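Trainee:
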Amino acid sequence: MTAEQARALDAADPLAFARDRFSLPERLIYLDGNSLGALPAAAPAALAATVEQQWGEDLIASWNKHAWIDWPATVAAKLAPIVGAEPGELLVADSTTVCLFKLLAAAARARPGKRKIVTQKASFPTDLYAAQGVCDMLDLELREVSPDEVMGEIDELTAVVSLTHVDYKSAAVYDMRAVNDAAHVAGAFVLWDLCHSAGAIEVDLDGTGSDLAVGCGYKYLNGGPGAPAFMYVAERLQEALTNPLQGWMGHAEPFAFVDDYRPVSGINRFLTGTPPILAMAALAAGIDTFDRIGMADVEAKSRRLSQLFVDEVEGRCGSEVRLASPRDPAERGSHVVFAHAESYAVMQALIARGVVGDFRAPDLMRFGFTPLYTRYADVVRAAEILGAILESHEWDQPRFRTRAKVT
Ligand SMILES: *Cc1c(COP(=O)(O)O)cnc(C)c1O
Numbered sequence: 266m267t268a269e270q271a272r273a274l275d276a277a278d279p280l281a282f283a284r285d286r287f288s289l290p291e292r293l294i295y296l297d298g299n300s301l302g303a304l305p306a307a308a309p310a311a312l313a314a315t316v317e318q319q320w321g322e323d324l325i326a327s328w329n330k331h332a333w334i335d336w337p338a339t340v341a342a343k344l345a346p347i348v349g350a351e352p353g354e355l356l357v358a359d360s361t362t363v364c365l366f367k368l369l370a371a372a373a374r375a376r377p378g379k380r381k382i383v384t385q386k387a388s389f390p391t392d393l394y395a396a397q398g399v400c401d402m403l404d405l406e407l408r409e410v411s412p413d414e415v416m417g418e419i420d421e422l423t424a425v426v427s428l429t430h431v432d433y434k435s436a437a438v439y440d441m442r443a444v445n446d447a448a449h450v451a452g453a454f455v456l457w458d459l460c461h462s463a464g465a466i467e468v469d470l471d472g473t474g475s476d477l478a479v480g481c482g483y484k485y486l487n488g489g490p491g492a493p494a495f496m497y498v499a500e501r502l503q504e505a506l507t508n509p510l511q512g513w514m515g516h517a518e519p520f521a522f523v524d525d526y527r528p529v530s531g532i533n534r535f536l537t538g539t540p541p542i543l544a545m546a547a548l549a550a551g552i553d554t555f556d557r558i559g560m561a562d563v564e565a566k567s568r569r570l571s572q573l574f575v576d577e578v579e580g581r582c583g584s585e586v587r588l589a590s591p592r593d594p595a596e597r598g599s600h601v602v603f604a605h606a607e608s609y610a611v612m613q614a615l616i617a618r619g620v621v622g623d624f625r626a627p628d629l630m631r632f633g634f635t636p637l638y639t640r641y642a643d644v645v646r647a648a649e650i651l652g653a654i655l656e657s658h659e660w661d662q663p664r665f666r667t668r669a670k671v672t
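Heads up, this note's numbering is the position in the sequence shown plus 265, with the first residue counted as 1.
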């Protein structure tokens, strides 16, 4: 595709307007919104107002006056149309890892006779570490199997199936409904990690009969570095499950200051400590970038962007790179990985040329497509630059081989 054809696609793109909701450096082609979403244009003023007026002027009164105390639920409620849930099923809190721990332990404890947690091997490491920790603590067995073995592993001994909906490396997607149905037949819960799905593709937690989910605030939701995460607990399970990390924010009467824990009813029982208000102000601005945007449109553009990239890269780079994501766009999330023996150096060379993706060990270059701000012209230009770098071997320099602490 020529640059001109790509610009014509951008001109006809029904989501083109959404790019103005972000502050992006003009010189960059940012294909890493799946690791850290871009800065929402409204975020600096929202943060400044929270700091200067609310914290600075109103001080402690802000817990009531600006309803800070309710933000974990009210900010989360904005996610309802993005993940297909009711507002009262969502909560913003903690980090994804802590949310995973809480919901895994809560679910496992609600199935006392069952001793097994099923998950996928080579999943995002923190998901595995959290599951290993829960299994050690509750004396459960963790079964880490390959994606095609998951369904066969679910049986009457299974307490929880814990899966990442979109794989962080390959972008392969699980069929949510099929896994939920199989788990429910066996009497197990399913915990979905939506880190690479929420804000990228359509997710229908309620419609697929989901039980539990967690997700990240700082990737496709644009909540800022270290933004708090979110939890989903289906309404029908909220009274049956209890939070293993009990704290005053999940108490029925936090300001009664009584000695004994009594969980509040509803989603708030999964809170632990005081919410990080400044981070939540940024996250709210991030989620608001989806205001009046339908996830069907986001998903449609995501698939077109990623497919255009695959076509352009394969057309220009031939067998130099290997697609390591599913070939069918319907089986992918919103990112694409290509394998190359020198992926680290190639990615550093790309970044030096203003095309920002990331590297995932051992040999993958990962490119994320964020439909709210990625343009078709960016995709074509990024593929063109990758082709040029591979052809010229410009990546083959010592400065591109030095590994930074964060890749
Ligand atoms: C990004 C990501 C996380 C991040 O967890 P944190 O607790 O926010 O560091 C967890 N799981 C998956 C699948 C991720 O993609």
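For every residue, glycine included, the Cβ atom is placed at its ideal position computed from N, Cα and C. No experiment lies behind these values; they were computed from the predicted model shown.
#1: Pro528 to Phe495, Cα distance in whole Å?
#2: Just reading off the beta strand (DSSP E) that Gln385 is part of, what are its end residues?
#3: Quick check: is any heavy atom of ligand 1 less than 6 Å from the C-beta of Ser590?
#4: Would you say the beta carbon of Phe389 comes nearer than 6 Å to a heavy atom of ligand 1?
#5: Within the same chain, show all residues whose beta-carbon is closer than 7 Å to that of Gly652, passing over the 5 residues directly before and after it, in chain order.
#6: Using C-beta distances below 7 Å, list every residue in its chain close to Ala338, excluding the 5 sequence neighbours before and after it, in chain order.
#7: Taking the alpha-carbon positions, what's the Pro490 to Asp471 distance?
#8: How many angstroms separate the CA atom of Trp320 from the CA atom of Cys481?
#9: Can Arg380 and Leu344 be called in contact, C-beta distance under 7 Å?
#10: Short of 6 Å in beta carbon distance, which residues of its chain neighbour Ala595, apart from the five on each side in sequence? Order them along the chain.
#11: What residues in its chain sit with their C-beta under 7 Å from that of Asp440, if we drop five residues either side in the sequence?
#12: If you drop the 5 nearest sequence neighbours on each side, which residues of the same chain put their C-beta closer than 7 Å to that of Thr667?
#13: Where does Gln662 land, buried or exposed, given buried means 16+ other C-beta within 10 angstroms?
#14: What's the C-alpha gap between Ile542 and Ala517?
#15: Does the distance between the C-beta of Ser360 and the nearest non-hydrogen atom of ligand 3 fall short of 6 Å?
#16: For Thr362, which residues from the same chain have a beta carbon less than 6 Å from its beta carbon, with the 5 sequence-adjacent residues on both sides left out?
#17: Please list the segments of the beta strand (DSSP E) lying wholly inside the stretch 481-537, counting only runs of 3 or more residues, in order along the chain.
#18: Keeping to the same chain, check which residues put their C-beta closer than 6 Å to that of Glu308; ignore five residues upstream and five downstream.
#19: Using the C-alpha atoms, what's the distance from Pro493 back to Phe454?
#20: If you reduce the DSSP assignment to three classes, tell me which class Phe238 lands in.
#21: Cα separation between Cys400 and Thr507?
#22: Going residue by residue through the stretch 353-416, where are the continuous beta strand (DSSP E) segments of at least 3 residues, counting only ones entirely within it?
#23: Among residues of its own chain, excluding the 5 on either side of Asp297, which ones have a beta-carbon nearer than 7 Å to its beta-carbon?
#24: Go ahead and pull the three-state DSSP assignment for Ala478.
#25: Roughly how many angstroms lie between the CA atoms of Ala561 and Arg284, to the nearest whole one?
#26: I want to check one thing, is the minimum distance from the CB of Cys460 to the heavy atoms of ligand 1 below 6 Å?
#27: Measuring only between beta-carbons, confirm whether Ala617 sits less than 7 Å from chain B.
#28: Report all residues from its chain with a CB closer than 7 Å to the CB of Gly598; omit the five preceding and five following residues, and keep chain order.
#29: Starting from the Cα of Gly398, find the closest Cα among Arg442, Val410, Thr429 and Ile382 and give me that residue.
#30: When we look at the beta-carbon of Phe389 and count the other beta-carbons within 10 Å, is it buried (16 or more) or exposed?
#31: With distances taken Cα to Cα, identify the nearest neighbour of Ser608 among Asp469, Glu354 and Leu655.
#32: I'd like the span of the alpha helix (DSSP H) that includes Phe555, first residue to last.
#33: Identify the residues that DSSP records as bridge partners of Asp562: which are they?
#34: Taking contact to mean at least 3 C-beta pairs separated by less than 8 Å, is the stretch 560-577 in contact with the stretch 635-642?
#35: Buried or exposed: where does Val426 fall if 16 or more other Cβ atoms within 10 Å of its Cβ makes it buried?
Mentor: The short version:
#1: In the sequence shown, counting from the first residue as 1, residue 528 sits at position 263. In the sequence shown, counting from the first residue as 1, residue 495 sits at position 230. Those two C-alpha atoms are separated by around 19 Å.
#2: Here residue 385 is taken as the residue at index 120 of the sequence shown, counted from 1. Per DSSP, the unbroken beta strand (DSSP E) holding Gln385 starts and ends at Lys381 to Gln385.
#3: Reading the sequence shown from its first residue, position 325 is the one you call residue 590. No, ligand 1 has no heavy atom inside 6 Å of this Cβ.
#4: Sequence index remark: in the sequence shown, residue 389 carries index 124 (1-based). It does: the Cβ of Phe389 is within 6 Å (strictly closer) of some heavy atom of ligand 1.
#5: Counted from its first residue, the sequence shown places residue 652 at position 387. The residues are Arg581 and Cys582.
#6: The residue given as residue 338 occupies position 73 in the sequence shown. Counting only Cβ-Cβ distances below 7 Å, and skipping sequence neighbours, we find Leu356, Ile532 and Asn533.
#7: Here residue 490 refers to the residue found at position 225 when the sequence shown is read from its first residue. Here residue 471 refers to the residue found at position 206 when the sequence shown is read from its first residue. Distance between the alpha carbons of Pro490 and Asp471: 29 Å.
#8: As a first step, residue 320 is located in the sequence shown; it is residue number 55 there, counting from the start. As a first step, residue 481 is located in the sequence shown; it is residue number 216 there, counting from the start. Rounded to the nearest angstrom, the two C-alpha atoms are 26 Å apart.
#9: Position 115 of the sequence shown, counted from the first residue, corresponds to residue 380. Position 79 of the sequence shown, counted from the first residue, corresponds to residue 344. Their beta carbons are not under 7 Å apart, which means Arg380 does not touch Leu344 by this criterion.
#10: Translated into positions along the sequence shown, residue 595 becomes position 330. None.
#11: For the purposes of this step, residue 440 is taken as residue 175 along the sequence shown, with counting starting at 1. So the list is empty, once near-sequence residues are dropped.
#12: For this step, residue 667 is matched to residue 402 along the sequence shown. So the list is empty, once near-sequence residues are dropped.
#13: Walking along the sequence shown from the start, residue 662 turns up at place 397. Its Cβ having fewer than 16 others within 10 Å, Gln662 is exposed.
#14: Start at 1 with the first residue of the sequence shown, and residue 542 comes out as number 277. Start at 1 with the first residue of the sequence shown, and residue 517 comes out as number 252. Roughly 21 Å separates the two Cα atoms.
#15: Annotation note on ligand 3: not contained in the displayed structure, which lists ligand 1 as its ligands.
#16: One-based indexing of the sequence shown puts residue 362 at position 97. Result list for Thr362: Thr391 and Ala395, in chain order.
#17: 494-498
#18: In the sequence shown, residue 308 corresponds to position 43, counting from 1. Residue identity check: residue 308 is Ala in the sequence provided, not Glu. For Ala308, where only same-chain residues beyond five positions count, the Cβ hits under 6 Å are Ala547 and Ala550.
#19: Along the sequence shown, read from residue 1 onward, the residue named residue 454 stands at position 189. Along the sequence shown, read from residue 1 onward, the residue named residue 493 stands at position 228. Cα-Cα distance, rounded: 24 Å.
#20: Outside the shown range of the chain, which is 266 to 672, sits residue 238, and nothing can be said about it.
#21: To locate residue 400, count along the sequence shown from 1; it is residue 135. To locate residue 507, count along the sequence shown from 1; it is residue 242. Answer to the nearest angstrom: the Cα atoms are 17 Å apart.
#22: 355-358, 381-385 and 406-410
#23: Start at 1 with the first residue of the sequence shown, and residue 297 comes out as number 32. Excluding positions up to five away in sequence, the list reads Val621, Gly622, Asp623 and Gly633.
#24: The residue you call residue 478 lines up with position 213 of the sequence shown. If DSSP states are grouped into helix, strand and coil, Ala478 belongs with the strands.
#25: Here the question's residue 561 lines up with position 296 in the sequence shown. Here the question's residue 284 lines up with position 19 in the sequence shown. Rounded to whole angstroms, Ala561 to Arg284 spans 17 Å at the Cα level.
#26: Counted from its first residue, the sequence shown places residue 460 at position 195. Cys460 Cβ: within cutoff of ligand 1.
#27: The chain inventory of the structure shown lacks chain B, comprising one protein chain alone.
#28: What you label residue 598 is simply residue 333 of the sequence shown in a count that begins at 1. Once the five neighbours on either side are set aside, the close Cβ partners of Gly598 are Val431, Ala436, Val438, His461, Ser462, Ala465 and Ile466.
#29: As a working note, residue 398 is residue 133 in the sequence shown. Of Arg442, Val410, Thr429 and Ile382, the residue nearest in Cα terms is Ile382.
#30: Here residue 389 is taken as the residue at index 124 of the sequence shown, counted from 1. Burial call: buried.
#31: Here residue 608 is taken as the residue at index 343 of the sequence shown, counted from 1. Closest option to Ser608, Cα to Cα, is Leu655.
#32: To locate residue 555, count along the sequence shown from 1; it is residue 290. That residue, Phe555, is in no alpha helix (DSSP H); it is neither H nor E in DSSP.
#33: Here residue 562 refers to the residue found at position 297 when the sequence shown is read from its first residue. DSSP lists no partner for Asp562.
#34: With a cut-off of 8 Å, the stretch 635-642 and the stretch 560-577 count as touching, because enough Cβ pairs lie within range.
#35: In the sequence shown, residue 426 corresponds to position 161, counting from 1. So Val426 counts as buried.
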